[in-house]
Amino acid sequence: MDQTCPLRATAWIAIQFWSASDSLIGVASTQVAYDIKGTSDWRHVNGTFSVPDGTTRILTRAGIHTPQNAGGTAWFDDISLVRIST
Numbered sequence: 754m755d756q757t758c759p760l761r762a763t764a765w766i767a768i769q770f771w772s773a774s775d776s777l778i779g780v781a782s783t784q785v786a787y788d789i790k791g792t793s794d795w796r797h798v799n800g801t802f803s804v805p806d807g808t809t810r811i812l813t814r815a816g817i818h819t820p821q822n823a824g825g826t827a828w829f830d831d832i833s834l835v836r837i838s839t
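Quick note: the sequence shown uses this note's numbering, first residue 754, plus one each step.
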């Protein structure tokens with residue numbers, strides 16, 4: 754992950770992929786596609802990702818880089834994952 758976040762980093766939703774041995778094997782994030790900063794109205798955010806081979810557990814995270822945002826707030830509602838067969 755990029756450790757050089759700007760002063761006002763964007764809010765994000767991330768999907769982490771973990772192996773049976775509790776190793777992080779991949780991450781998918783909305784942070785690049787949806788650069789949401791500052792005060793704004795609700796936005797619908799979506800994305801498509803592939804689950805890496807060896808994934809046994811998926812962790813969904815949502816947040817905002819608080820130290821870079823000096824107390825900023827982000828609200829998340831109705832986060833869901835939907836399996837799409839190809």
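Backbone N, C-alpha and C fix where the C-beta goes; we use that ideal spot for every residue, glycine too.
For the beta strand (DSSP E) containing residue i, list its first residue and its last residue.
i	result
residue 780	777-782
residue 827	Per DSSP, residue 827 belongs to no beta strand (DSSP E) and is neither H nor E.
residue 801	It is not in any beta strand (DSSP E) - residue 801 carries neither H nor E in the DSSP assignment.
residue 890	Limits of the chain in this structure are 754 at one end and 839 at the other, which puts residue 890 out of reach.
residue 767	765-771
Which one of the options has the shortest CA to CA distance from residue i?
i	options	result
residue 838	793, 801, 787, 789	801
residue 786	776, 764, 803	764
residue 817	774, 777, 783, 775	783
For residue i, count the other beta carbons within 10 Å of its own beta carbon; 16 or more makes it buried, fewer makes it exposed. Which is it?
i	result
residue 755	Only weak support exists for where residue 755 lies, its pLDDT of 36 falling under 50; the coordinates are left without a value.
residue 795	exposed
Does the segment 799-813 come within contact of the segment 760-778, defined as at least 3 CB pairs closer than 8 Å?
By the C-beta criterion, the segment 799-813 is judged to be in contact with the segment 760-778, since at least 3 inter-stretch pairs fall below 8 Å.
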